[in-house]
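The structure appears below as structure tokens.
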Amino acid sequence: MSIQRFETGPRMSQVVVHGNTVYLAGVVANKAAGESVTKQTQDILTTIDGHLAKAGADKSKLLSATIYITDMKTFGEMNAVWDAWVSPGNTPARATVEAKLAAPQYTVEIMVTAAK
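Just so you know, we're using numbering that gives the first Met the number 0 here: the sequence shown kicks off at 0 and counts up by one.
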């Protein structure tokens, strides 16, 4: 079975496709870094849509999601954006974890796996 990689760098690939499964690296808000949780989540989900499209998938095929936020007090703010974005009736298995992220300007990071 073949493996495809997109946006591959020396440390990681942003998207890996193995068979009919699409794995995304953790996505942070590059355009909205330092902005509100709402704006960062919107930016991240737009990036996820683009990555999934490159791999021949879309959000209706999400299998799982792991969401990292730096402050659980912002859980509702992030969820408001997620709930407006996620495909109704096709919600993935999901976990949300409070964690310190790689750089202080990021308050949200999302990693998903999808079917192709």
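We put the CB at the ideal spot given by N, CA and C, even for glycine.
Please read these numbers as outputs of a predicted model, since none were measured by experiment.
Cβ neighbours of Thr112 in the same chain (closer than 6 Å, five flanking residues each side left out): As a working mapping, residue 112 is identified with position 113 in the sequence shown. Tyr22, Leu62, Ser63.
Inter-stretch contact at 8 Å, needing at least 3 Cβ pairs: the segment 72 to 81 / the segment 26 to 33: The segment 72 to 81 is not in contact with the segment 26 to 33.
If you scan the segment 63 to 90 from start to end, which runs of the beta strand (DSSP E) of 3 or more residues do you find wholly inside it? List check, beta strand (DSSP E) in window: nothing returned.
If we define contact as Cβ-Cβ less than 8 Å, is Gly8 a contact residue for chain E? The question asks about chain E, but that chain is absent: this structure has only one protein chain.
Considering Gln3, what are the terminal residues of the beta strand (DSSP E) in which it resides? Along the sequence shown, read from residue 1 onward, the residue named residue 3 stands at position 4. Counting along the chain, the beta strand (DSSP E) containing Gln3 begins and ends at 2 to 7.
Apart from the five residues on each side of it in sequence, which residues of its chain come closer than 6 Å, Cβ to Cβ, to Pro117? The requested residue 117 does not occur in the structure, where the chain is confined to residues 0 to 115.
Have a look at the DSSP bridge pairing and note the partners of Ala92. In the sequence shown, counting from the first residue as 1, residue 92 sits at position 93. Ser63.
Alpha carbon to alpha carbon, how far is Ala24 from Gly8? Working through the sequence shown from its first residue, we reach residue 24 at position 25. Working through the sequence shown from its first residue, we reach residue 8 at position 9. A straight line joining the alpha-carbon of Ala24 with that of Gly8 spans about 12 Å.
Sheet register partners of Ala43 (DSSP bridge): For the purposes of this step, residue 43 is identified with residue 44 of the sequence shown, where counting begins at 1. The sequence shown places Ile at residue 43, not Ala. BP columns for Ile43 are empty, so no partner.
Short check: CB of Val26 to CB of Thr46, under 8 Å? Along the sequence shown, one-based indexing puts residue 26 at 27. Along the sequence shown, one-based indexing puts residue 46 at 47. Contact flag set, yes.
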